[in-house]
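The structure appears below as structure tokens.
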Amino acid sequence: MDITTNTLSAVLGVWLYRLAAFGFRRALVRYVTPVNVLIGLAVYGGVIALLTGYLLWSVGLSTWATGYPLTVGNENTDFRPWEGEVSQVTLLGRSVNQDEATELLAGSLPADMLASYHLEGPGPYPDQQGDLPALNWLPSSPTGMTDSSPVVVGANQWLGTIEAITPFNTQALDNSAFTIAGNFASLLEQQRGPARIISVSADKGHRNITMGQQGDALSIRLRTPSSGENGEKPEMIISGFFALLQPHQIVLTYDMPNLTIWVDQPDNRYSVSLAPGLALFQDFSQTNRWLVDFPANPHLYDYRYWSLAIIPALLAAVILLALHDAEISRAEETTPQTVED
């Protein structure tokens with residue numbers, strides 16, 4: 440980015456210098472023609488197309504690490520505990536649509552489900568599909584649990600796979616898509632960290648995907664080339680999510696560039712496009728972490744991006760053509776007329 444911007448600014452500086460030496464009015468007459476303006480707009484459109492393609496690529500999952508484990512209620516290395524109750528975790532290596540999300544919320548699991556953990560009793564908790572490692576209590580099993588005991592995680596005990604969940608990470612990387620569904624309830628209205636509910640990560644600074652609690656908000660950190668290894672720019676949140684401390688069913692799906700969450704009901708849906716708009720604007724944030732609420736319009740930031748990309752170019756073209764025509768008319772008016780005998 441530094442090389443690109445420095446090169447463009449150098450070219451612009453040389454062009455402005457030569458323009459000043461040549462004379463603005465002379466340049467208007469000679470170079471600002473309808474054909475040249477169209478050529479300029481075509482070149483500009485090509486640049487915008489390349490930029491848009493890069494921004495879309497930057498929210499893919501090409502940087503996902505295949506060697507990360509799954510944890511529930513904390514990070515793999517501790518330090519980010521979440522106080523709450525979890526009863527179900529489901530993973531798919533692809534995205535789901537509205538109908539499939541409705542079935543997941545109703546408890547119907549898809550035929551190609553990658554992994555499903557039913558969390559009840561003392562554990563360990565095997566993947567019912569048999570494709571991923573079991574969830575085990577970390578650092579040690581709690582005492583006094585019965586077969587019907589709910590799974591409550593916190594600062595002293597949480598759940599995690601001893602091995603990496605490589606099939607899930609690999610499928611998500613290959614498809615640039617995945618789905619995580621879960622049933623859980625927070626025990627505290629305010630938790631910080633964000634406190635990790637479900638996380639596919641190595642430690643507190645390196646993750647593929649994390650669903651957590653920040654204050655009373657639901658927090659989503661997704662690792663992409665744009666958002667970085669910790670998925671902090673942007674960190675998508677749903678404010679007030681835990682204000683009532685009630686159980687929730689969640690279906691989170693990502694299908695590049697769209698991140699969508701269904702909460703409890705099929706019509707309770709949050710969605711946002713991560714590119715090109717958000718991927719561009721996150722570079723203007725001066726902090727390491729950028730909290731962004733899910734907008735009412737999923738493409739709000741994309742509309743802003745296209746407005747900035749298209750409207751100024753069209754206005755510049757119209758103004759230059761208008762100035763060109765005005766300068767030509769002025770020159771014609773001030774040119775002496777030859778009188779024939």
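If you count the sequence shown from 1, you need to add 439 to reach the numbering used here.
Cβ coordinates follow ideal geometry from the N, Cα and C atoms, glycine included.
Range of the contiguous alpha helix (DSSP H) that encloses A718: Start and end: 716-720.
Spatial neighbours of P415 in its chain, beta-carbon cut-off 7 Å, leaving aside the 5 residues before and after: This structure does not reach residue 415, given that the chain is present from 440 up to 780, and the question cannot be answered.
Length of the line joining the Cα atoms of A611 and A656: Each residue's CA atom was taken as its position, placing A611 and A656 some 26 Å apart.
Beta strand (DSSP E) segment containing F623, residue limits: 616-625
Simplified DSSP state of P549, which is helix, strand or coil: coil
Which of helix, strand or coil DSSP assigns to Y693: Looking at Y693 - three-state DSSP - the assignment turns out to be strand.
Cα-Cα separation between L760 and L467, rounded to whole angstroms: 9 Å
Beta-carbon spacing of S712, N697 below 7 Å: Yes, they are a contact pair.
Supposed contact pair V498 and T748 - C-beta distance, whole angstroms, cut 8 Å: In the sequence as displayed, the identity of residue 748 is Ala instead of Thr. The pair is not a contact, with the Cβ atoms about 17 Å apart (cut-off 8 Å).
Extent of the continuous beta strand (DSSP E) run through N515: Careful: N515 lies outside any beta strand (DSSP E) and carries neither H nor E.
First and last residue of the uninterrupted alpha helix (DSSP H) at V476: 473-496
Same chain, Cβ closer than 6 Å to P561, neighbours up to 5 away in sequence not counted: Closer than 6 Å at the Cβ level, and outside the excluded window around P561, lie M584.
Residue closest to T692, alpha-carbon to alpha-carbon, out of A682, R708, L762: For T692, the closest alpha carbon among the candidates A682, R708, L762 is that of R708.
Residue burial classification, A735 (beta-carbon count within 10 angstroms, cutoff 16): exposed
Burial state of W454, where buried means 16 or more other Cβ atoms lie within 10 Å: In the assembly as shown, W454 is an exposed residue. Its beta-carbon has fewer than 16 other beta-carbons within 10 Å.
Whole-Å CB distance - Q630 paired with E522, under 8 Å assumed: Correct: roughly 7 Å between the Cβ atoms.
Local Cβ density within 10 Å of E771, reported as buried at 16 or more and exposed below that: exposed
DSSP-derived helix/strand/coil call for E771: helix
Minimum C-alpha distance to I767 - residue among L451, G462, T446, R469: R469
Reference K672; option with closest CA among I648, F681, V690: I648
Distance between V757 and I478 (C-alpha atoms, nearest Å): 14 Å
Classification of G532 by the beta-carbon crowding that lies within 10 angstroms, buried from 16 upward: Its Cβ being crowded by 16 or more others within 10 Å, G532 is buried.
Rounded distance between the beta-carbons of L719 and Y744, thought under 8 Å: 6 Å
Outcome for G716 when other beta-carbon atoms lying within 10 angstroms are tallied against a minimum of 16: buried
Range of the contiguous alpha helix (DSSP H) that encloses Y470: 463-470
Buried or exposed (CB count within 10 angstroms, at least 16 for buried), Y456: Within a 10 Å sphere around the beta-carbon of Y456 sit fewer than 16 other beta-carbons, which makes this residue exposed.
Three-state secondary structure assigned by DSSP to I637: Residue state for I637 is assigned as strand, using DSSP reduced to three classes.
Span separating the alpha-carbon of A481 from that of R769: Distance from the CA of A481 to the CA of R769, rounded to the nearest whole angstrom, comes to 29 Å.
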